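Undergrad: Under the working numbering, the very last position in the sequence shown is 639; numbers go up by exactly one each time.
Just dropping this structure here.
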Amino acid sequence: MALDGIVTRAIVHELQACIGGRINKIHQPAESDLVLHLRTHAGNKRLLLSANPTYPRIHFTESSFPNPLEAPMFCMLLRKHCEGGTIEAVTQVGMERIIHIDVRTRDELGDLSIKRIIIELMGRHSNIILVDPATGTQLDGIHHVTPAISGYRVVMPGFAYTAPPEQHKLHPLEADRAAFMGAWQAATAEGKGSNWLVDAFAGLSPLIAGEIYARAGVSGIAAEIGLNPEEAERLWGAFNGLMEEVRSQNYSPMTGENAKGKSIFSAVRLTSAHGEIRTYSSISECMEDYYGDKALRDTVKQKTSDLLRFLQNERNKNIKKLTNLEKDLSEAEDAERYRIWGELLLPSLHAIRKGDTSVELINYYDEEQKMETIPLDPLLTPSENAQRYFKKYNKFKNSLAVIEEQMKLAKEEIAYLDGLLQQLNDATLSDIDEIREELTQQGYLRDRAKRGKKKKKNDRPTLHVYTSSEGIEIYVGKNNLQNEYVTNRLGKPNDTWLHTKDIPGSHVLIRSESYGDATLNEAAQLAAYFSQAKQSSSVPVDCTLIRYVRKPNGAKPGFVIYDHQRTLYVTPDEQLIKSLPNTVKNG
């Protein structure tokens with residue numbers, strides 16, 4: 053990964069398309085993320101701003117994000133000051149990872165004013181801050197920084213905005229040969245290795261520094277021990293050539309791997325990249341593909357850690373219970389042997405004494421009438437030993453039906469919990485709330501909702517809707533509440549329903565009676581991708597009409613039985629899934 057000053061410059065260059073555009077809507081789908089819905093000369097666009105501490109970024113996005121029912125305070129503040137406003141300028145601070153978006157809007161009195169959204173892409177110190185440029189005062193920040201946290205600057209409403217501390221490095225796009233050589237000589241005198249480029253020039257990442265060395269043909273050993281004058285000249289040539297690409301805004305966004313096999317992306321062509329190289333027409337497209345749902349997955353992982361522990365514990369309990377039941381079953385299946393031992397002991401009581409630990413008797417119930425060794429309890433009389441085996445026989449005979457019923461319930465419980473664990477793996481933030489709600493309804497979790505809290509009037513869950521290449525809507529349930537709604541309430545008798553065969557996964561609905569092979573294949577791909585077999589090949593997917601799908605009485609949420617199915621075999625294709633237009637409809 054290398055979100056450096058060069059990538060930031062490429063983003064700002066691309067965001068010039070926003071100038072003159074109007075901000076129609078703003079929503080905050082996650083704690084650190086904002087989505088601006090823009091109407092520009094080039095059409096409607098969505099701009100993602102993220103101050104995620106692990107994946108900070110800003111780019112145009114084609115993804116859909118859930119709109120929370122209750123907007124966070126920072127989101128409401130942005131709506132108040134920026135919604136309906138026009139973007140006046142998008143600029144970068146030097147070669148730093150700081151972007152200013154100036155928005156012209158009208159205040160409460162109807163007077164024109166400028167508000168500035170400052171996006172600081174600084175790793176764990178990333179922030180999005182709304183500032184009034186006329187006074188330099190902060191209106192608020194998505195992450196507050198109190199005096200107790202930082203003695204350098206405060207990010208709180210009412211405080212003056214202070215930029216992150218300057219690093220006092222050279223501007224790489226303005227550096228000439230003399231400045232470059234001077235920086236090299238200073239680094240050589242201090243005994244610095246290849247990282248001197250990062251230390252000397254603003255906005256350069258170790259990835260770009262490595263690329264400059266690779267273009268100059270300088271070996272790793274020379275990079276570490278220092279360059280001779282000839283190598284320094286070659287390095288200047290490579291540096292100047294790469295900077296000329298950036299100066300002229302000539303970008304070639306790409307993804308690949310570094311020498312250690314770690315995934316990377318860049319705004320410029322990397323000759324040093326390894327693995328599968330993918331190129332893109334825009335930096336936004338590159339970043340969206342690179343980051344994918346990494347940030348969402350991390351956020352979901354944090355939000356679901358307690359649920360994962362709970363479900364794993366419940367699953368382990370049921371596996372242990374099933375193991376014990378299997379032992380009981382094997383003993384219960386020996387019930388007939390206990391009856392025979394009791395029958396053999398009764399006529400032979402005279403031949404046994406109290407204190408014997410076993411006795412050998414002819415087994416008259418065996419065709420070959422072999423000798424049978426019968427274990428005895430030395431503390432019991434011969435008669436009591438016989439009665440003990442009859443009691444065991446009756447106990448196990450009566451418990452067989454109970455054990456089999458308990459085993460069936462334990463297996464169903466394990467399958468249900470496996471389904472929930474799979475759903476958490478593909479869950480969005482709104483999906484997690486619905487899974488918690490389901491577990492509360494099923495009695496697994498206590499209802500922590502405040503008394504008197506109003507429930508949603510609309511009980512429709514979040515719906516994930518994909519559009520096939522033929523323009524047909526495909527609904528995907530990503531948890532049991534969604535699965536039940538899609539299958540039992542949304543689907544019409546002649547709609548097509550799909551689900552992975554004998555594998556936990558999503559219910560998928562093609563909401564049309566008429567469609568082609570492309571739509572069917574894409575629906576099968578969705579069913580396989582959002583299942584436990586996501587990483588497998590030739591995944592079996594059953595498809596049938598909704599009229600043949602039904603939920604048995606008393607079954608767990610999301611469980612159905614079906615018939616009249618045919619089975620398709622598909623290998624999940626992530627790029628195909630990502631290429632399908634999709635929206636999230638909140639209940």
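Just so it is clear, CB atoms sit at the ideal spot from N, CA and C, and this is done for glycine as well.
Since we're looking at a predicted model, the values are computed, not measured.
To which residues of the same chain is K630 closer than 6 Å at the C-beta, ignoring the five residues directly before and after it?
TA: No residues qualify anywhere along the chain.
Undergrad: In the structure shown, what three-state DSSP assignment does S324 receive?
TA: coil
Undergrad: May I have the straight-line CA-CA distance separating D470 from R367, to the nearest angstrom?
TA: 8 Å
Undergrad: Quick one: is Q475 buried, meaning 16 or more other Cβ sit within 10 Å of its Cβ, or exposed?
TA: Buried is the call here.
Undergrad: Reducing DSSP to helix, strand and coil, say where L55 ends up.
TA: coil
Undergrad: In or out: M295 buried (at least 16 other Cβ within 10 Å) or exposed?
TA: buried
Undergrad: Would you check if there are 3 or more beta carbon pairs closer than 8 Å linking the region 338 to 351 to the region 97 to 111?
TA: Verdict: yes, contact present.
Undergrad: Just the Cα atoms here: how many angstroms apart are D154 and C70?
TA: Distance between the alpha carbons of D154 and C70 is about 11 Å.
Undergrad: Please list the terminal residues of the continuous alpha helix (DSSP H) segment that includes H133.
TA: M125 to C134
Undergrad: Could you pull the start and end residues of the beta strand (DSSP E) that Q190 belongs to?
TA: T189 to G193
Undergrad: Ordered along the chain, which non-local residues of its own chain (more than five positions away) have a Cβ less than 7 Å from that of E536?
TA: The answer, listed in chain order, is P609 and G610.
Undergrad: Compare the Cα-Cα distances from I307 to each of R563, E297 and V320 and report the closest residue.
TA: In the sequence under discussion, the amino acid at residue 307 is Thr, which differs from the Ile named in the question. When each option's Cα is compared against that of T307, the closest is V320.
Undergrad: Could you pull the start and end residues of the beta strand (DSSP E) that R389 belongs to?
TA: Going by DSSP, R389 is part of no beta strand (DSSP E) but of the alpha helix (DSSP H) stretching over A387 to L397.
Undergrad: So, helix, strand or coil for D154, using DSSP?
TA: strand
Undergrad: If you draw a straight line from the alpha carbon of R156 to that of E140, how long is it in whole angstroms?
TA: 6 Å
Undergrad: Compare the C-alpha of L360 against each of D478, K132, H177 and S521 and name the closest.
TA: D478
Undergrad: Which value, in whole angstroms, describes the spacing of the CA atoms of I264 and I110?
TA: 26 Å
Undergrad: Between F117 and the rest of its own chain, which residues show a CB-CB distance below 6 Å, the 5 nearest in sequence each way excluded?
TA: P81 and V87
Undergrad: Which residue's Cα is closest to the Cα of N310: S304, G234, I392 and L322?
TA: L322
Undergrad: Leaving out five residues before and five after L398 in sequence, what residues of the same chain have Cβ atoms less than 6 Å from its Cβ?
TA: Shown here for L398: same chain residues with a beta carbon closer than 6 Å to its own, the five before and five after excluded, namely A438 in chain order.
Undergrad: Measuring alpha carbon to alpha carbon, tell me which residue in D159, V59 and T623 is nearest S304.
TA: V59
Undergrad: Does the count of Cβ pairs from the region 408 to 425 and the region 369 to 377 closer than 8 Å reach three?
TA: no
Undergrad: In angstroms with no decimal places, state the Cα-to-Cα distance between G557 and V207.
TA: 44 Å
Undergrad: With N642 and D483 assumed to form a contact (beta carbons below 8 Å), what rounded beta-carbon distance in angstroms separates them?
TA: Since the first and last residues shown for the chain are 53 and 639, residue 642 lies out of range.
Undergrad: Quick one: give me the first and last residue of the alpha helix (DSSP H) that D358 is part of.
TA: Counting along the chain, the unbroken alpha helix (DSSP H) around D358 starts and ends at K346 to A384.
Undergrad: Could you tell me whether the region 616 to 631 touches the region 586 to 602, where touching means 3 or more Cβ pairs closer than 8 Å?
TA: yes
Undergrad: Taking a contact to mean a Cβ-Cβ separation below 7 Å, would you say I562 touches A580 in this structure?
TA: no
Undergrad: Quick test of the definition: if touching needs 3 or more C-beta pairs under 8 Å, does the region 239 to 254 touch the region 197 to 207?
TA: no
Undergrad: How about the region 397 to 414 and the region 446 to 464: do they share at least three Cβ pairs that are nearer than 8 Å?
TA: no
Undergrad: What is the DSSP secondary structure of T635, counted as helix, strand or coil?
TA: strand
Undergrad: Check whether the region 138 to 152 touches the region 64 to 79, taking contact to mean three or more Cβ pairs, one atom from each stretch, closer than 8 Å.
TA: yes
Undergrad: If you reduce the DSSP assignment to three classes, tell me which class Y527 lands in.
TA: DSSP places Y527 within a strand segment (E or B) once states are collapsed to three.
Undergrad: In the DSSP assignment, the alpha helix (DSSP H) including F448 goes from what residue to what residue?
TA: Where F448 is concerned, the enclosing alpha helix (DSSP H) stretches over P434 to N477.
Undergrad: Take the Cβ of Y417 as the centre, count every other Cβ of all protein chains shown within 10 Å, and call the residue buried at 16 or more, exposed below.
TA: exposed
Undergrad: Whose C-beta lies closer than 8 Å to the C-beta of K463 among residues of the same chain, with five residues either side of it excluded?
TA: L374
Undergrad: From the DSSP output, in three-state form, read off R599 for me.
TA: helix
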